[in-house]
Amino acid sequence: MDRLREYQLRLLSMLKQFDSFAKKNEIPYFLLGGNVLGAVRHKGFIPWDDDVDIGLYQDDYEKMTKLINEQMDSSFVFYNEGENPFPDAPIGKLYDISNPEEDLRQVPSFDVFLLQNIPDGRWARKLYKIQATVYHLLVLDRPAENRGKAAYLLSKAILTVLPKKTKKWLKQKMGAAVRKKRDTGEITTVYGAHGFDRETMPKEYFGEPLMMEFEGQLFPIPQQYDRYLTKMYGDYMKLPPEKDRKPAHKEL
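Printed below as a string of structure tokens:
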């Protein structure tokens, strides 16, 4: 068995245990992104994929965070946003810590996203994106990477100039603004890998979870998965060029 497939099977084991936990506590959730695509196109992992992403509505997310570390096997640990020792975004993260000799940054893990209602209106949406960007910067507490020289220099200057107490206060304010509960027509994962605009959807695309086969077991995906996948990937049944068929997150 190659390393990637072994890694996928460890992720699958994590997902099965999370699914049991969610069902026990009546917490609905969805597979997201490439896992939805994998379920529809491959009935499992995309052959070169190396991650699991799930999303929960806000009340369900909050319920999950209160219970998961108490009820899941001690082989796993969940970090909520702001708790992760190695953050890459203000999101939840579930890690497989069954082998204490493995580096936490390389163990199987999956991202747990809040399906966040976002403001209606052009200017309210722009302000929200600014708040989300500032919050992201303050949670990571390091200059923006892979976003161009200007973004790197600006973010570095902000982090350097702001006093520690001001950063702490601003992080709390921005976090509260981003996570404010709303009843609006669209939801987003905010910090999804495909960007804010592509991952912003009419909330009816998600609806009630629809069960679909994934690696021989049924898991929940967005109800209107065709619209969801088209918004995310366009012609999603078309395979990418062979040069792009490689793991995106781990060195496997």
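Just so we're aligned, residue 179 is where the sequence shown starts under the numbering used here, counting upward by one.
The beta-carbon is built from N, C-alpha and C at its ideal position, and this holds for glycine as well.
Given the structure is predicted, the values throughout are model-derived calculations rather than measurements.
For residue i, which of helix, strand or coil comes out of DSSP?
i: T243; result: helix
i: S333; result: helix
i: S287; result: strand
i: N295; result: strand
i: K416; result: coil
i: D228; result: coil
i: T366; result: strand
i: M410; result: helix
i: F199; result: helix
i: D251; result: coil
i: Y207; result: coil
Rounded to the nearest angstrom, what separates residue i and residue j at their Cα positions?
i: K327; j: D227; result: 30 angstroms
i: K409; j: G385; result: 16 angstroms
i: Q186; j: F223; result: 8 angstroms
i: D298; j: N262; result: 31 angstroms
i: R183; j: P286; result: 12 angstroms
i: A217; j: A302; result: 35 angstroms
i: R360; j: K421; result: 42 angstroms
i: D319; j: F208; result: 30 angstroms
i: F256; j: L189; result: 14 angstroms
i: N295; j: H372; result: 18 angstroms
i: R423; j: I275; result: 28 angstroms
i: I336; j: L293; result: 29 angstroms
i: G363; j: E259; result: 25 angstroms
i: P425; j: H220; result: 16 angstroms
i: F374; j: N203; result: 30 angstroms
i: Q401; j: L282; result: 34 angstroms
Which term fits residue i, buried or exposed, when burial requires 16 or more other beta carbons within 10 angstroms of its beta carbon?
i: D180; result: exposed
i: K194; result: exposed
i: S333; result: buried
i: M192; result: buried
i: H314; result: buried
i: M242; result: buried
i: P268; result: buried
i: V339; result: exposed
Relative to the alpha-carbon of residue i, which residue among the options has its alpha-carbon at the smallest distance?
i: L305; options: D375, A355, M192 and F397; result: A355
i: F254; options: P265, K241, K345 and E280; result: E280
i: V290; options: Y313, Y235 and K342; result: Y235
i: D238; options: Y411, P387 and F374; result: P387
i: G270; options: N277, Y406 and D231; result: D231
i: V317; options: P398, W347, D375 and L272; result: W347
i: K381; options: T366, G370 and K416; result: T366
i: G412; options: L215, L245, R283 and P225; result: L215
Touching by the beta-carbon criterion (3+ pairs, under 8 angstroms), the stretch 249-256 and the stretch 299-312: no
Stretch-stretch touch, CB-based, cutoff 8 angstroms, three pairs: the stretch 383-398 with the stretch 340-360: no
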